[in-house]
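Read the structure below first, then the notes.
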Ligand code: ADP
């Protein structure tokens, strides 16, 4: 044993990191499926889709966690009218997520940082990584059928961190708009998923035409079919085209998921199809006794 190297003792920070990793591993066992909602750029409707997908899955009797990892510009609290909510600490493990309804629990940086909107926080990569790990490991999510993750646009630290934590059966849903020019950004997202070994569940084309209030016909505003073409080319599932609907904007502004307010609308029907594909291709949760 004479040549056995003596390791220096672990620092306090390393011990805390190890503990956090153990808690993370334990939390991950309670999540059945993870969907990362990604987009190459902002403004394509990623957060809107994350919220409506989560609400529609919850309405289909699935237990859903919606995690907003957009540290610099969280929009989920606004979209669900949960601004001002504060996540409190439970006695056992940690933070209690904010409940939107019986089946939908939500966590966002806004629930843990006071005056976050006014604070110019400089977040470096490792800090973001710790915060995101805490959002999974130290939040009382309970057993989830789905964890839906709303990542900031692009391929930065946040989506990278969460992918490295390898939530169970993670898959990406990539949101794009129909213009062919948007494909450059989608290709970047696809390359990002491939390099991390994150399977792409499918592509959604949002703002794909609009239904006229007067004549009821679908009109195309931009070149259409970009997302669909790319999905075909890459062998991914094309999940559907969501049309522009003015009511989607007003529902978002009022903090109401559109799919719950206008279930018969063409856009909500596309969400229904997407939810059916997601449920059909996901792993059902074993009921624990
Ligand atoms: P992102 O998360 O990609 O930045 P958001 O979800 O914040 O995008 O959406 C950007 C804006 O577009 C919001 O005002 C939202 O209400 C609106 N929007 C998104 N999808 C649609 C749609 N299908 N029809 C009409 N407005 C939409």
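In the working numbering, the protein residues as written are 399 to 687.
Cβ coordinates follow ideal geometry from the N, Cα and C atoms, glycine included.
Restricting to Cα atoms, I'd like to know which of the options is closest to residue i.
i: residue 445; options: 506, 526, 527; result: 506
i: residue 510; options: 500, 499, 536; result: 536
i: residue 606; options: 612, 619, 594; result: 619
i: residue 546; options: 482, 681, 601, 466; result: 466
i: residue 411; options: 578, 585, 525; result: 525
i: residue 608; options: 646, 596, 591; result: 646
i: residue 440; options: 583, 405, 528; result: 583
i: residue 470; options: 554, 613, 649; result: 554
i: residue 485; options: 652, 533, 408; result: 533
CB-CB under 6 Å to residue i, same chain, minus the five flanking residues each way: which ones, in chain order?
i: residue 687; result: Summary for residue 687: the model assigns pLDDT 44, below 50, so the residue's position carries little reliability; its value from the coordinates is reported in the next sentence. Contacts found: none.
i: residue 683; result: 430, 543
i: residue 655; result: 449, 450, 453
i: residue 500; result: none
i: residue 415; result: none
i: residue 674; result: none
Give every residue of the same chain whose Cβ lies closer than 7 Å to the Cβ of residue i, excluding the five residues on either side of it in the sequence, and list them in chain order.
i: residue 610; result: 617
i: residue 442; result: 573, 574, 575, 604
i: residue 504; result: 464, 474, 478, 480, 495, 496, 498
i: residue 657; result: 450, 453, 454, 666, 669
i: residue 626; result: 603, 636
i: residue 632; result: 588
i: residue 541; result: 428, 461, 683, 686
Below 8 Å on the Cβ atoms is my contact criterion, and I expect residue i with residue j to pass it. Report the Cβ-Cβ distance as a whole number of Å.
i: residue 634; j: residue 598; result: 5 Å
i: residue 572; j: residue 587; result: 5 Å
i: residue 741; j: residue 580; result: Summary: the structure shown does not reach residue 741, with the chain confined to residues 399 through 687, and so no result is reported for it.
i: residue 665; j: residue 548; result: Not quite, the Cβ-Cβ distance comes to about 18 Å (not below 8 Å), so this is no contact.
i: residue 601; j: residue 628; result: 7 Å
i: residue 418; j: residue 522; result: Contact flag wrong, Cβ pair sits at about 17 Å.
i: residue 468; j: residue 565; result: Going by Cβ atoms, the distance from residue 468 to residue 565 rounds to 17 Å, so no, they are not a contact pair.
i: residue 492; j: residue 538; result: 7 Å
i: residue 426; j: residue 462; result: About 16 Å; that fails the 8 Å criterion.
Kindly list the residues whose CB is nearer than 8 Å to the CB of residue i, restricted to its own chain and excluding five residues on each side of it in sequence; keep chain order.
i: residue 594; result: 558, 561, 562
i: residue 677; result: 455, 458, 460
i: residue 680; result: 430, 431, 543, 544, 567
i: residue 615; result: 609
i: residue 630; result: 636
i: residue 413; result: none
Taking contact to mean at least 3 C-beta pairs separated by less than 8 Å, is the region 632 to 649 in contact with the region 434 to 441? At 8 Å Cβ cutoff, the stretches do not touch.
Go through the region 411 to 464 residue by residue and report every complete run of the beta strand (DSSP E) that reaches 3 residues or more, in order. Here the runs fully enclosed are 429 to 437.
Threshold first: 4 residues or longer. Then list the alpha helix (DSSP H) segments lying entirely within the region 586 to 652, N to C. Counting only runs of 4+ residues, the alpha helix (DSSP H) found wholly inside the region 586 to 652 occupies 624 to 632, 644 to 652, in chain order.
Sequence ranges, beta strand (DSSP E) only - wholly within the region 520 to 553, length at least 3: Qualifying beta strand (DSSP E) stretches, in chain order: 542 to 548.
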